[in-house]
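Enquirer: Going line by line, the protein sequences match chains U and R. Numbering-wise (UniProt numbering), the first sequence opens with residue 1 and increments by one. Numbering-wise (UniProt numbering), the second sequence opens with residue 1 and increments by one. For every residue, glycine included, the Cβ atom is placed at its ideal position computed from N, Cα and C. My questions all concern the structure below.
Protein chains: 2
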Amino acid sequence: MALLGCGVVGSQVIRLMHEQAGDLAARIGAPLELAGVAVRRLGRKRDVEIAPELFTTDAEALVTRDDIDIVVEVIGGIEPARSLIVAALAGGKSVVTANKALLAEDGASLYEAARRGNGDLYFEASVAGAIPLLRPLRESLAGDHVKRVLGIVNGTTNYILDKMDTTGGSFTDALEEAQTLGYAEADPTADIEGFDAAAKAAILAGLAYHSRVTAAEVHREGITEITATDVASAKDMGYVIKLLAICARSDDGRSFGVRVHPAMIPRSHPLAGVREAYNAVFVEAESAGQLMFYGKGAGGAPTASAVLGDLVAVARNRLAGTRGPDESTYADLAVHPMGETVTRCHVALDVADKPGVLARVAELFAKHDVSIQTVRQEGHGDDAQLVIVTHRATDAALSATMEGLRELDIVRAVASLMRVEGDD
Amino acid sequence: MALLGCGVVGSQVIRLMHEQAGDLAARIGAPLELAGVAVRRLGRKRDVEIAPELFTTDAEALVTRDDIDIVVEVIGGIEPARSLIVAALAGGKSVVTANKALLAEDGASLYEAARRGNGDLYFEASVAGAIPLLRPLRESLAGDHVKRVLGIVNGTTNYILDKMDTTGGSFTDALEEAQTLGYAEADPTADIEGFDAAAKAAILAGLAYHSRVTAAEVHREGITEITATDVASAKDMGYVIKLLAICARSDDGRSFGVRVHPAMIPRSHPLAGVREAYNAVFVEAESAGQLMFYGKGAGGAPTASAVLGDLVAVARNRLAGTRGPDESTYADLAVHPMGETVTRCHVALDVADKPGVLARVAELFAKHDVSIQTVRQEGHGDDAQLVIVTHRATDAALSATMEGLRELDIVRAVASLMRVEGDD
């Protein structure tokens with residue numbers, strides 16, 4: 001096999017291949033041999049010992065070498081990863097990758113190349129790191145219907161939100177701490193703006209609904225606007241704010257929504273207890289009921305564990321002259337727009353403290369067909385606030401209602417606005 | 001395919017096969033056809049509609065019919081299930097079973113028959129019902145080393161212990177409620193004495209350590225002796241009592257222990273939040289770190305979901321002319337006796353209230369090389385109690401210490417004794 005990339009994950013893959021050579025050979029039925037490692041620059045110091053002659057900067061040549069039958073890609077990003085993977089698959093090799101961005105942008109090309117080359121494409125490490133999640137979705141639940149997936153799939157944002165919840169501090173402080181501890185990168189955009197989670201949501205939705213989904217189809221909101229007040233207000237109500245990746249089938253089963261946004265979930269929900277940089281994915285299936293998968297979503301060794309699990313599987317498949325499950329897109333369901341997504345809202349309004357305010361606000365909700373579950377009036381005078389939680393309504397109706405509220409003269413400001421999930 | 005048994009699980013399998021025929025065919029690549037259902041008595045009312053001509057009482061004839069290539073066994077128990085499965089496998093068919101008792105007693109014969117017949121043996125539903133657990137252990141973690149498995153794998157006992165914890169009531173009351181609600185059977189022995197959990201522990205340990213384990217090798221203690229006082233005392237200390245199935249590798253990696261017994265776990269442990277009849281399994285692997293799998297451990301539809309997932313897998317394998325992963329026992333590690341298991345203990349002693357008591361008790365612990373982590377003296381006079389939590393020690397040393405304590409004249413009684421897990 002050949003390895004593309006020798007960073008945090010790649011060097012752990014090599015270390016584990018060395019340390020567990022005997023076990024891996026026994027589990028596969030033949031030894032795994034590392035035949036080459038493609039890197040950008042030679043001569044760099046690595047975290048792991050590798051015979052220098054294995055290194056090459058010519059990844060293109062490596063992935064088409066005749067003596068290589070499995071390629072592990074841990075470079076990340078779109079190019080050159082895509083071209084290399086496609087070239088490897090076209091040459092009849094099997095590929096193990098952790099590349100969520102590529103899979104969510106152009107998984108179709110990779111699957112197509114795998115089919116033509118009659119090789120395997122495995123990618124357990126691309127979503128939720130070490131947590132066995134894609135194999136259960138693709139295989140264990142192959143006889144069931146997934147209704148909904150609610151996932152905490154980005155460790156950085158979960159760390160930040162957990163800190164804000166525990167300390168009461170601001171987003172900026174929590175982000176800085178995450179950066180100091182290495183949980184967030186110097187440029188944290190991909191994490192805090194939800195791009196990373198959106199790629200994972202696209203992969204999960206595709207597997208759950210046997211349809212093709214790209215990251216561009218995922219409604220995405222990040223966590224940068226969340227204030228200490230939002231967090232405190234959620235806490236007061238027995239909720240906690242999490243960045244969720246949500247895939248949900250429509251009631252008629254003909255389409256589904258895919259979205260990433262912060263949401264309030266009840267503290268009693270299994271996902272509420274997911275602390276620090278841990279990941280967890282909650283799956284609701286028609287027959288299986290509620291399932292949850294919990295573990296480390298990132299890091300060298302955990303990701304390498306998932307890569308090695310796939311490596312054992314594709315190596316076994318090659319020995320048996322077979323392939324793992326192919327892309328399953330037979331259902332070909334449409335992704336519906338965010339406006340059609342059914343959700344609930346928590347909204348805090350700074351209002352004028354005079355009679356008739358509640359009536360006018362309630363009237364506006366009714367006009368947009370959004371029914372109110374609870375309303376609480378807090379404070380007096382300039383501090384008067386209405387805290388409203390709605391029943392389920394389409395996101396379009398909820399947005400129109402918020403638009404209308406902002407225009408009402410008696411509403412001084414929408415102090416906080418957050419979707420509510422996980423308590424229906 | 002043929003179905004053996006048409007009870008709670010079997011009728012759900014048939015219902016789902018009907019309802020999802022199109023999806024299953026698309027996922028497999030060919031339609032699934034139900035060719036026969038073996039039952040004990042014909043003419044009985046079933047929960048699902050089936051053409052009457054499909055029923056037969058001649059299971060032996062059914063499993064060897066030429067037109068059948070997959071057999072699903074949901075009869076349970078050792079015989080006739082074993083003979084039927086072995087006959088089916090010997091005839092080259094693939095088998096999906098939920099039969100934990102049989103797998104834990106004689107899995108070796110079944111695997112052997114599968115190998116000879118070149119068919120598949122899948123059994124995801126046998127442990128933790130709908131929770132995808134065996135596939136992750138067998139496949140996703142194939143590149144990792146499992147250190148420890150801590151599982152709540154019996155819903156009945158978890159329901160009872162959860163009730164005792166919530167209401168403060170007795171074991172008997174909680175058991176009665178579980179029976180009324182259908183969570184416990186009229187004869188609850190298999191559940192409350194830990195037999196069911198022990199079979200599952202044997203299956204989990206075998207997969208985790210790539211070795212052969214039978215239920216007879218599992219150290220087993222049930223929950224019938226647990227009192228409301230034990231539960232309250234655990235609660236006071238921030239712990240909750242759960243019946244755990246524990247598989248743990250020895251420090252030198254050369255053997256492992258498998259046991260089922262009630263244990264105190266910290267309320268902050270992810271397993272502590274597993275309520276009612278839910279199941280969850282916590283896995284610690286060297287590279288992946290801590291993982292948890294949570295969901296419904298029993299019930300017709302959840303179990304049927306797991307059976308159907310396996311059914312799709314074995315049907316795909318047959319179409320591709322291949323087999324799934326074989327039994328993996330290459331490591332061939334020994335199961336060490338309970339005495340060598342390293343654990344911790346919480347013990348409450350009713351003691352004489354006089355000077356020097358603590359010194360004599362501490363001396364006894366020291367004599368057996370068991371070091372004390374915390375000790376708390378409570379009450380006075382006839383109510384005087386010492387509450388001790390030990391550091392890690394072998395179970396043999398802990399047992400010898402308890403034996404010694406019972407013989408000390410200053411100890412009036414060992415009021416409560418419980419192993420402590422999950423906080424190291």
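What residues of chain U sit near A320/R, judged by a beta carbon separation below 8 Å?
Expert: As a working note, residue 320/R is residue 320 in the second sequence. Residues of chain U passing the Cβ test: T322 and R323.
Enquirer: Mind checking if K296/R is an interface residue toward chain U, Cβ cutoff 8 Å exclusive?
Expert: One-based indexing of the second sequence puts residue 296/R at position 296. For K296/R, the answer is yes, since a Cβ of chain U falls inside 8 Å of its Cβ.
Enquirer: Let's see if you can read the secondary structure: which residues bound the beta strand (DSSP E) around K147/U?
Expert: Numbered from its first residue, the first sequence carries residue 147/U at position 147. Run containing K147/U: V146 to I152, per the beta strand (DSSP E) assignment.
Enquirer: What residues are listed by DSSP as bridge partners for D350/U?
Expert: Translated into the one-based positions of the first sequence, residue 350/U becomes position 350. According to DSSP, which records beta bridges pairwise, D350/U is partnered with Q385/U and A413/U.
Enquirer: Measure the alpha-carbon distance for D191/U versus A178/U and round it to whole angstroms.
Expert: Position 191 of the first sequence, counted from the start, is the residue given in the question as residue 191/U. Position 178 of the first sequence, counted from the start, is the residue given in the question as residue 178/U. The straight-line gap from Cα to Cα measures roughly 12 Å.
Enquirer: Would you report the Cα separation of A277/U and G143/R, rounded to the nearest angstrom?
Expert: Your numbering for residue 277/U matches position 277 in the first sequence. Your numbering for residue 143/R matches position 143 in the second sequence. A277/U and G143/R: Cα-Cα distance of roughly 23 Å.
Enquirer: Sorted by chain position, which residues of the same chain lie with C-beta nearer than 6 Å to G404/U's C-beta, five sequence neighbours on each side aside?
Expert: Working through the first sequence from its first residue, we reach residue 404/U at position 404. Excluding residues within five positions, the ones whose Cβ falls inside 6 Å are L364.
Enquirer: Roughly how many angstroms separate the alpha carbons of S268/U and L133/R, rounded to a whole number?
Expert: Position 268 of the first sequence, counted from the first residue, corresponds to residue 268/U. Position 133 of the second sequence, counted from the first residue, corresponds to residue 133/R. Going by the C-alpha atoms only, they are around 24 Å apart.
Enquirer: With a cut-off of 8 Å, does the C-beta of R392/R fall near any C-beta of chain U?
Expert: Numbered from 1 along the second sequence, position 392 holds the residue referred to as residue 392/R. No - not a single Cβ of chain U is within 8 Å of the one on R392/R.
Enquirer: Which of the three DSSP states is assigned to N279/U in this structure?
Expert: Within the first sequence, numbered from 1, the residue matching residue 279/U stands at position 279. Of the three classes helix, strand and coil, the one that applies to N279/U here is strand, per DSSP.
Enquirer: Comparing alpha-carbon positions, which option in S109/R, P266/R and G299/R lies nearest T214/R?
Expert: The count along the second sequence starts at 1 and reaches residue 214/R at position 214. With distances taken between Cα atoms, T214/R lies closest to S109/R.
Enquirer: For the alpha helix (DSSP H) containing I203/U, list its first residue and its last residue.
Expert: By 1-based counting over the first sequence, the position of residue 203/U is 203. Per DSSP, the unbroken alpha helix (DSSP H) holding I203/U starts and ends at F195 to Y209.
Enquirer: Nearest to H219/U by alpha carbon, out of L207/U, A208/U, G182/U and P262/U?
Expert: Along the first sequence, read from residue 1 onward, the residue named residue 219/U stands at position 219. Comparing Cα-Cα distances from H219/U to each of L207/U, A208/U, G182/U and P262/U, the minimum goes to P262/U.
Enquirer: Can you pull out the residues from the stretch 31 to 63 of chain R whose beta carbon lies closer than 8 Å to at least one beta carbon of chain U?
Expert: none
Enquirer: Looking only at its own chain, which residues have a Cβ that is under 7 Å from the Cβ of S328/R, when we skip the five neighbours before and after it?
Expert: Sequence index remark: in the second sequence, residue 328/R carries index 328 (1-based). Cβ neighbours of S328/R beyond the five flanking positions: H210.
Enquirer: Can you give the Cα-Cα distance for E73/R and L3/R, rounded to whole angstroms?
Expert: Against the second sequence, residue 73/R aligns to sequence position 73. Against the second sequence, residue 3/R aligns to sequence position 3. Rounded to whole angstroms, E73/R to L3/R spans 6 Å at the Cα level.
Enquirer: Specify, as a first and last residue, the run of the beta strand (DSSP E) that L291/R falls within.
Expert: Within the second sequence, the letter at position 291 stands for residue 291/R. Segment G289 to K296, the beta strand (DSSP E) holding L291/R.
Enquirer: Leaving aside the five residues before and after A104/R along the sequence, list all residues of the same chain whose C-beta is less than 7 Å from its C-beta, in chain order.
Expert: Reading the second sequence from its first residue, position 104 is the one you call residue 104/R. Closer than 7 Å at Cβ, skipping near neighbours: A199, A202, I203, T214 and A215.
Enquirer: What is the rounded straight-line gap between the Cα of V240/R and the Cα of M264/R?
Expert: Taking the first residue of the second sequence as position 1, residue 240/R is located at position 240. Taking the first residue of the second sequence as position 1, residue 264/R is located at position 264. Cα-Cα distance, rounded: 5 Å.
Enquirer: For R261/U, list the residues DSSP reports as bridge partners.
Expert: In the first sequence, counting from the first residue as 1, residue 261/U sits at position 261. Note that residue 261/U is His in the sequence shown, not Arg. Looking at the DSSP assignment, H261/U forms a beta bridge with L244/U.
Enquirer: Would you give the residue range spanned by the beta strand (DSSP E) that V8/U belongs to?
Expert: By 1-based counting over the first sequence, the position of residue 8/U is 8. Per DSSP, V8/U belongs to no beta strand (DSSP E); it is in the alpha helix (DSSP H), V8 to E19.
Enquirer: So, is Q373/U buried or exposed, given that buried needs 16 or more other C-beta atoms within 10 angstroms?
Expert: Residue mapping note: residue 373/U aligns to position 373 of the first sequence, counting from 1. Q373/U is exposed by the Cβ-count criterion.
Enquirer: Just mark S11/R as buried or exposed, buried being the case when its beta carbon has 16 or more other beta carbons within 10 Å.
Expert: As a working mapping, residue 11/R is identified with position 11 in the second sequence. Buried, since its Cβ has 16 or more Cβ neighbours within 10 Å.
Enquirer: What in chain R is Cβ-close to F293/U, meaning under 7 Å?
Expert: Translated into positions along the first sequence, residue 293/U becomes position 293. The contacting residues are F293.
Enquirer: Can you check DSSP and say which residues form a bridge with E284/U?
Expert: The residue given as residue 284/U occupies position 284 in the first sequence. E284/U is bridged to R148/U and Q290/U.
Enquirer: For K100/R, tell me which candidate among Y122/R, V146/R and K93/R has the shortest Cα-Cα distance.
Expert: On the second sequence, residue 100/R is found 100 positions in, with the first residue counted as 1. Of the listed residues, the one whose Cα sits closest to K100/R is Y122/R.
Enquirer: Report the partner residues of V71/U according to the DSSP bridge assignment.
Expert: In the first sequence, the residue the question calls residue 71/U occupies position 71. In the DSSP output, where bridge partners are listed per residue, V71/U has A2/U and V95/U.
Enquirer: Give the secondary structure of S255/U by DSSP, where H, G and I count as helix, E and B as strand, and everything else as coil.
Expert: Taking the first sequence and counting its residues from 1, one reaches residue 255/U at position 255. Strand at S255/U.
Enquirer: Would you report the Cα separation of P355/R and E407/R, rounded to the nearest angstrom?
Expert: Numbered from its first residue, the second sequence carries residue 355/R at position 355. Numbered from its first residue, the second sequence carries residue 407/R at position 407. Roughly 19 Å between the two C-alpha positions.
Enquirer: Taking the straight line between their C-alpha atoms, what separation do you get for V86/U and D369/U?
Expert: In the first sequence, the residue the question calls residue 86/U occupies position 86. In the first sequence, the residue the question calls residue 369/U occupies position 369. Computed Cα separation, rounded: 50 Å.
Enquirer: To the nearest angstrom, report how far apart T167/U and L161/U are at their CA atoms.
Expert: As a working note, residue 167/U is residue 167 in the first sequence. As a working note, residue 161/U is residue 161 in the first sequence. Roughly 10 Å separates the two Cα atoms.
Enquirer: Answer yes or no: does any C-beta atom of chain U fall closer than 8 Å to that of D144/R?
Expert: Taking the second sequence and counting its residues from 1, one reaches residue 144/R at position 144. Closer than 8 Å to some Cβ of chain U, the Cβ of D144/R qualifies, so yes.
Enquirer: Can you find a C-beta in chain U that's less than 8 Å from the C-beta of A130/R?
Expert: Taking the first residue of the second sequence as position 1, residue 130/R is located at position 130. Closer than 8 Å to some Cβ of chain U, the Cβ of A130/R qualifies, so yes.
Enquirer: Along chain U, in chain order, which residues have C-beta atoms closer than 7 Å to that of P355/R?
Expert: As a position in the second sequence, residue 355/R is number 355, starting the count at 1. Against P355/R, chain U offers no close residue; the least beta-carbon distance is about 45 Å (beta-carbon pairs closer than 7 Å).
Enquirer: Helix, strand or coil for P266/U, going by three-state DSSP, please let me know.
Expert: Your numbering for residue 266/U matches position 266 in the first sequence. Here P266/U sits in strand by DSSP.
Enquirer: By the three-class DSSP mapping on this structure, what secondary structure does V274/U have?
Expert: Taking the first sequence and counting its residues from 1, one reaches residue 274/U at position 274. Reduced to three states, the DSSP call for V274/U is coil.
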